[in-house]
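Mapping the sequence shown onto the numbering used here, position 393 (from 1) lands on 381, and the numbers just tick up by one.
The beta-carbon is built from N, C-alpha and C at its ideal position, and this holds for glycine as well.
Structure, as structure tokens:
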Amino acid sequence: MPYIYEDPRHKEPSFPNTAKSIHSSGKTYEELRQECIRKGVLFEDEDFPANDSSLFFSQKPNIPFVWKRPKEIVKDPEFISGGATRTDVCQGDLGDCWLLAAIASLTLSEKILHRVVPPDQSFGVGYSGIFHFQFWQHNEWIDVVIDDRLPTFKNRLVFLHSADLNEFWSALLEKAYAKTNGSYEALKGGSTIEAMEDFTGGVSEAYENKSAPKNYFEIMDKALKRGSMLGCSIDITSSAETEAKTPQGLVKGHAYSITGLDTVKYRGQTVQLIRVRNPWGQVEWNGPWSDDSSEWNSIDQAERKRLCQTSLDDGEFWMNFEDFKRYFDKVEICNLTPDALDDDTEHKWEVTVHQGSWVRGSTAGGCRNFLDTFWTNPQIKLSLKEKDDGQNDCTFIAALLQKNRRKLKKIGADLLTIGYAIYQCPGTESQLTKDFFKFNPSKARSKTYINLREVSQRFKLPPGDYMIVPTTFEPHQEADFCLRVFSEKKADIKEIDGDINVDIPDPPQPNPPHQETEEEKQFRSLFKQISGDDMEVSPQELQFVLNSVLSRTKNIKFKELSLLSCHNIISLMDASGNGTLGFDEFKIFWDKLKSWIGIFMQYDLDKSGTMSSYELRLALKSAGFQLNNIILQLIVLRYTDDQFQIEFDDFLNCLIRLENACKVFKALDKGKTDTVNVNQIEFITLAMNI
């Protein structure tokens, strides 16, 4: 399965100061460091070995990499030299400019930097070849331990490096992030906002420059002042344009970081400026307000010093804000909390989180274009109870994140195209049906379905109950996801998964022989012909009679029932425990079978003798079994084929197994507490009989 299974039970989120160690040894960074000091050895990380498997998964290196520790590269390495700055982030031979742009933004706030890069690390006293970094992953903070062996060629770092060749924090941070995602190659290509979120646990918002709001400069300026991280890029129309240089010195399809905004007086007018950095550490804007442009000659020297304007080819440059909007296409803002950037009010946002999965055959229904399966997607109820202060509506941001896709690149997985729709559903406590979505339009939706790790958007809706339906664009696509809702006032979210409820109607009991109807007398006569004088049918005899009946069913062609199915039928109905069915037992089952055949035919829409697994929830409910997603997913895995179709024989076995399980549980739950205690022998005995 192309997704990583995660325990669906709720987990309390961790925080940076309580980040969870994920090393396979179960030991923390400090425990591993002290162990190395005690043994007098340098740490070697077996979880991310210094070999090709940590570099690439789809190719072999085209040059001979040599893994070296910083002390083997330079005489006097430093972790951070003179403070972490933007010039510490220079791109190497890996297409991860998106990550580097985020790391450059990280240096703008010492507080945020120290959250990701714990500062109490060095190559001095206590050095043991081990370092650690902390990242946000799917609503929890993790502590990632690495050794300091880095890939080199001709004694130079191959990937991310600092302009100061003695400084190594940024190269080690890149290695820790590569480990988190499985390899260095997994970092090729991405969105700056992805790394920004992993560095902050924040939520992203994207703006298109061509349709920017009037107060765009103020929004971005406020974001920077609040510690938000900003990135920008120029769109490409084809892969051939990737990293193509424009006449203005800009690079298409390349991730830049925004490092400052300011205003200057120029020839009697106030000009808005924006400072942008290319993570390459070179190749800069060559238009107005670039490093060597004439505009700076009209600016006071003190003002130039305040703006840190220099003529160095360091990849960082100023440009007029209007030119920025003209030549760049997109800005991504990662807010540490989604404080409203378009007003002057400080907000403390409430955050609620739901972890879920799209599973093929049961909860991977695709978008609204696929109405027959759309309703089977996870449905998360959002209750907005309080209006914003002084407003009539409730503001919230819904952020849908697909999990682990970068880590799964090595098995061919890529980012799925995802999005969500929001429906108003006053007072609903049960799953919305296909007919609901057929006749009710969405109240709101994500702006687009797109193959990004996270899709997020800000909404304003009246107080009430809503259903968020997160989906992939196409059905049958599997992934784990995390849905976060940031609201100004407290909001409740919960998955509407259906309580497990079993209501099996009691079949009519056969009449005694002297009260039988004419039809029952004929049925008894037929049964005797099959069973013989003992009036008991064996599994083989049962198979013969059932297949004879099913073969004569009109309008639908059933495949033959297996002998195993007949053994299971007898297991369900055989009250005497002799491995055969008597007439009364057979008659009761016969009534069940007629009901189950009717249900199957109702949901076998094309009369093919098979039923879509996406119809199973309703079919089983019609038979008296209301089940949740986890049990439905297990049923789909066990009973459907590779096209997510279920034949009648499998449907029959599923119903028999469910009814058997419920009968056994009911018999054991003598106190009606919905809980039973069994020992090992009892459990094995029960399992073999279900």
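- Cys322 sits close to Thr188, with the two beta carbons spaced by under 8 Å.
- Counting C-beta pairs closer than 8 Å gives three or more between the segment 361 to 379 and the segment 476 to 485, which meets the contact rule.
- Here Phe461 has Cys355, Thr405, Tyr437 as same chain residues with Cβ atoms under 6 Å from its own Cβ, once five neighbours each way along the sequence are excluded.
- Minimum Cα-Cα distance from Asn380 among the listed residues Lys448, Gly407, Leu403 corresponds to Lys448.
- Here the C-alpha atom of Glu272 lies approximately 18 Å from the C-alpha atom of Leu218.
- Restricting attention to beta strand (DSSP E) runs no shorter than 3 residues, the segment 334 to 409 encloses them at 338 to 346, 368 to 372, 382 to 390, ordered along the chain.
- C-alpha of Gly71 to C-alpha of Val443: approximately 34 Å in a straight line.
- When C-alpha distances from Phe205 are compared across Arg512, Gln503, Thr16, Glu310, the shortest belongs to Glu310.
- The straight-line gap separating the alpha-carbon atoms of Cys78 and Gln22 is approximately 32 Å.
- DSSP places Asn308 in the uninterrupted beta strand (DSSP E) bounded by 304 to 308.
- The beta carbon of Leu88 is closer than 7 Å to those of Val77, Gln79, Leu148, Pro267 in its chain, skipping five residues each way along the sequence.
- Counting only the Cα atoms, Arg214 lies some 31 Å from Ile134.
- Bounds of the alpha helix (DSSP H) holding Asn556 are 551 to 561.
- When secondary structure is reduced to three states using DSSP, Glu272 falls in the coil class, being assigned neither helix nor strand.
- DSSP places Leu449 inside the beta strand (DSSP E), whose first and last residues are 442 to 449.
- The criterion of a C-beta distance shorter than 8 Å is satisfied by Thr351 and Asn617.
- The DSSP-derived three-state label of Gly586 is helix.
- Of all C-beta pairs linking the segment 238 to 258 to the segment 100 to 109, fewer than three are shorter than 8 Å, placing the two stretches out of contact.
- Between the segment 631 to 644 and the segment 593 to 602 there are three or more C-beta pairs closer than 8 Å, enough to call the two in contact.
- Rounded to whole angstroms, Leu560 and Lys397 show a C-alpha spacing of 46 Å.
- As DSSP reads the structure, Asn648 sits in no beta bridge.
- Between the C-alpha atoms of Val104 and Gln122 there is a straight-line separation of about 5 Å.
- Gly28 and Asp288 have their alpha carbons spaced roughly 58 Å apart.
- The alpha-carbon of Leu549 is positioned some 38 Å away from that of Gly659.
- Straight across, the Cα-Cα distance linking Glu603 with Gln510 is about 36 Å.
- Counted as a single uninterrupted DSSP element, the beta strand (DSSP E) harbouring Val133 occupies residues 128 to 135.
- Cβ neighbours of Asn556 within its own chain (closer than 6 Å, five residues either side excluded): Asn641, Ile644.
- Segment contact: the segment 569 to 578 against the segment 586 to 597, fewer than three CB-CB distances shorter than 8 Å; contact not assigned.
- With 16 or more other CB atoms across the displayed protein chains lying within 10 angstroms of its CB, Glu193 is buried.
- Contact check for Leu43 against Ser158 fails: the beta carbons are separated by 8 Å or more.
- Take the alpha-carbon of Ser93 and the one of Ser216: they are about 9 Å apart.
- In the DSSP annotation of this structure, the continuous segment of the alpha helix (DSSP H) that includes Pro58 starts and ends at 58 to 61.
- Just so you know, the alpha carbons of Trp129 and Val319 end up roughly 26 Å apart.
- As computed with DSSP, Tyr454 is found in a beta bridge with Leu370, Gln412.
- Listed in chain order, the alpha helix (DSSP H) elements of length 4 or more contained wholly in the segment 172 to 229 are 180 to 188, 204 to 213.
- For the options Ser610, Asp657, Val457, the alpha carbon positioned closest to that of Asp491 is the one of Ser610.
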